[in-house]
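Position one of the sequence shown corresponds to residue 1 (UniProt numbering), numbered consecutively onward. Following: one structure in structure tokens, then a few remarks.
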Amino acid sequence: MAYIVDTLVTGGAERLVVTFARAVKSRQDIDLTVFVLSHGETAFFKELKGAGVEVVCLPGKSLIDAARFLRLVSALRSRSIEYVHAHLTTSTIVGGFAAALLGIAFATTIHNVKPSTARVSKTRSFLYRRVLRMSRTTPIAVGQAVAEAALADTGQRDCLVVANAVSPEAVAPAGAGALIRTDLGLQEHRVLIAVGAIIGQKAYQDLLAAFSQVAGQNPDAVLLIVGNAPEAGRYAALQAQARDLRITGQVRFLGLRRDIPDLLAAADLFVSASHWEGAPVSLLEAMANGLACVMTDVGDNRQILSGTGSPIVPARNPEALAEALNDMLNDPPARARVGQAARTRAFKHYGVEAWVNRLIAIYKNAGAAQHRQSAADDRAPLQPDPNRKDGVS
1 MAYIVDTLVT GGAERLVVTF ARAVKSRQDI DLTVFVLSHG ETAFFKELKG
51 AGVEVVCLPG KSLIDAARFL RLVSALRSRS IEYVHAHLTT STIVGGFAAA
101 LLGIAFATTI HNVKPSTARV SKTRSFLYRR VLRMSRTTPI AVGQAVAEAA
151 LADTGQRDCL VVANAVSPEA VAPAGAGALI RTDLGLQEHR VLIAVGAIIG
201 QKAYQDLLAA FSQVAGQNPD AVLLIVGNAP EAGRYAALQA QARDLRITGQ
251 VRFLGLRRDI PDLLAAADLF VSASHWEGAP VSLLEAMANG LACVMTDVGD
301 NRQILSGTGS PIVPARNPEA LAEALNDMLN DPPARARVGQ AARTRAFKHY
351 GVEAWVNRLI AIYKNAGAAQ HRQSAADDRA PLQPDPNRKD GVS
């Protein structure tokens with residue numbers, strides 16, 4: 001089978017591709033090739049190659065790059081791929097049409113309640129919806145909120161809901177957090193951490209506004225923001241905001257990091273101010289590392305944290321976020337209790353083995369249905385074309 005993903009930069013969807021690939025590497029019933037629609041040499045690319053997974057990079061000049069599309073079709077055909085699973089929009093479009101051309105069963109995972117970027121071209125939206133509405137496509141949502149939001153794109157076709165998983169490898173080794181604190185000079189500080197690309201969806205402007213209230217009452221508090229900054233203007237605006245709020249000494253923009261588990265282990269509290277989400281893998285990783293989490297009430301955050309005692313606050317409300325952060329930061333016993341409950345829930349409800357088995361069952365069922373349909377098509381007699389006078393079609 002084949003997995004197709006837009007990139008292998010550090011992100012939730014990309015992490016899931018790596019987690020699945022590593023989990024099925026030793027299975028006899030799965031022979032996986034990962035196709036990446038960009039250049040490789042990222043940390044995840046190297047991780048896959050190091051694990052012995054075949055990775056094929058197919059960068060293209062544009063979404064509808066014909067040469068790349070034909071290379072993908074050829075690669076799928078030459079490997080006798082029987083099932084294709086895509087993650088993210090470009091892979092859904094390119095992989096979906098390639099699978100349709102070859103008559104291969106196809107699935108795509110929908111990761112968010114809406115696009116993470118504000119501007120999506122009409123062409124991209126049209127093609128994406130076209131693939132989601134194909135009869136051969138199995139749409140998979142990472143949570144119920146995502147499934148409901150996807151109905152407009154799927155043409156009211158229900159998605160299968162398969163919750164994301166967190167790998168034990170996302171847990172930092174003992175002592176890693178202390179080393180990070182020493183490296184960053186944070187031995188005596190209380191550390192808050194936010195993980196995610198600096199894009200509009202993540203609403204870091206709200207987080208800085210909330211943290212300015214926390215920092216004023218807690219001079220030993222430090223906020224770590226971990227994630228790449230694809231929009232230079234947005235990053236510059238956040239830096240200017242931090243200066244205006246007089247919190248530059250308590251905010252660290254760490255950029256893209258490979259050691260996220262270690263950074264999580266170094267923190268006291270995980271926070272997100274997102275305006276919208278799906279089911280964030282970063283949240284699951286924070287939970288797996290025993291962190292208490294303060295999240296906005298978007299996507300499936302509430303469901304993921306159910307029963308842990310983690311504060312859930314309204315989005316676009318920095319004051320409510322600041323209050324929840326202050327409460328957790330200044331109550332170590334509650335923070336420890338909530339963090340332990342989060343860790344327990346992460347591995348009880350979002351483990352890798354059950355997640356992999358669920359996906360493989362979907363692949364096998366869809367593949368069997370595809371074979372039955374193909375066999376029926378082969379057996380079906382040719383029907384006359386009523387528009388032709390000679391009755392030959």
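A virtual CB, placed ideally from N, CA and C, is assigned to each residue, including glycine.
Non-local beta-carbon contacts of P59 in its own chain, meaning distances under 6 Å to residues more than five positions away in sequence, involve S38, H39 in chain order.
When DSSP assignments are scanned along the region 159 to 233, the uninterrupted stretches of beta strand (DSSP E) that are 3 or more residues long and fall wholly within it turn out to be 190 to 195, 221 to 226.
In this structure, I304 is the residue among I304, G255, P332, D327 with its C-alpha nearest to the C-alpha of R345.
Going by beta carbons, Y83 and A105 fall inside the 8 Å limit. Linking M295 to P311 through their CA atoms gives a straight-line distance of about 7 Å.
Rounded to whole angstroms, D158 and V142 show a C-alpha spacing of 13 Å. Distance from the CA of S74 to the CA of A67, rounded to the nearest whole angstrom, comes to 11 Å. Under DSSP, V94 shares a beta bridge with no residue. The C-alpha of C57 lies about 10 Å from the C-alpha of R71. Taking a C-beta distance under 8 Å as the contact criterion, Q144 and D297 do not qualify as a contact pair.
Here D31 has M1 as same chain residues with Cβ atoms under 8 Å from its own Cβ, once five neighbours each way along the sequence are excluded.
Using a Cβ distance threshold of 8 Å, A51 and K25 count as a contacting pair. Between V271 and the set L208, I247, Q241, D244, the nearest pair of CA atoms involves L208. Taking each of E323, P280, L329 in turn and checking the Cα distance to A221, the smallest one comes out for L329. Looking from the CA of P219, the closest CA among G95, D244, L186, Y204 belongs to L186. Rounded to the nearest angstrom, the gap between the Cα atoms of I260 and R243 is 26 Å.
In this structure, R337 places its C-beta atom within 8 Å of the C-beta atom of G309. The three-state secondary structure of H349, taken from DSSP, is helix.
In the structure shown, the three-state DSSP call for G255 is strand. CA-CA distance, G255 to N228, rounds to 5 Å. If you check the CB distance, I225 and R252 come in under 8 Å. T33: member of the beta strand (DSSP E) spanning 33 to 36, first to last residue. Using a C-beta cut-off of 8 Å, the region 276 to 286 makes no contact with the region 121 to 134, since fewer than three inter-stretch Cβ pairs fall below that distance. Under DSSP, the beta-bridge partners assigned to F106 are V84, T137. With a cutoff of 8 Å on beta-carbon distance, L245 and L192 are scored as not near each other. Residue A23 holds the alpha-carbon nearest to the alpha-carbon of A354 among T92, L179, A23. A direct Cα-to-Cα measurement between I110 and V36 gives close to 17 Å. Taking the C-beta atoms as reference points, P139 is found nearer than 8 Å to T108. CA-to-CA, the gap between T154 and L63 works out to about 20 Å.
DSSP places I247 in the coil class of the three-state scheme, outside both helix and strand. The distance from the Cβ of G177 to that of A288 is about 13 Å, inconsistent with a contact at the 8 Å cut-off. A residue is called buried when at least 16 other Cβ atoms come within 10 angstroms of its Cβ; T182 does not meet this threshold and is exposed. Of the other Cβ atoms in all chains shown, 16 or more fall within 10 Å of the Cβ of E285; this residue is therefore buried. Excluding five sequence positions before and after E14, the CB atoms of its chain that fall closer than 7 Å to its own CB belong to V5, T7, L8, F44, given in chain order. Secondary structure note for A13: it is in no beta strand (DSSP E), and the uninterrupted alpha helix (DSSP H) holding it is 12 to 24. Between I247 and F211, the gap from beta carbon to beta carbon is short of 8 Å.
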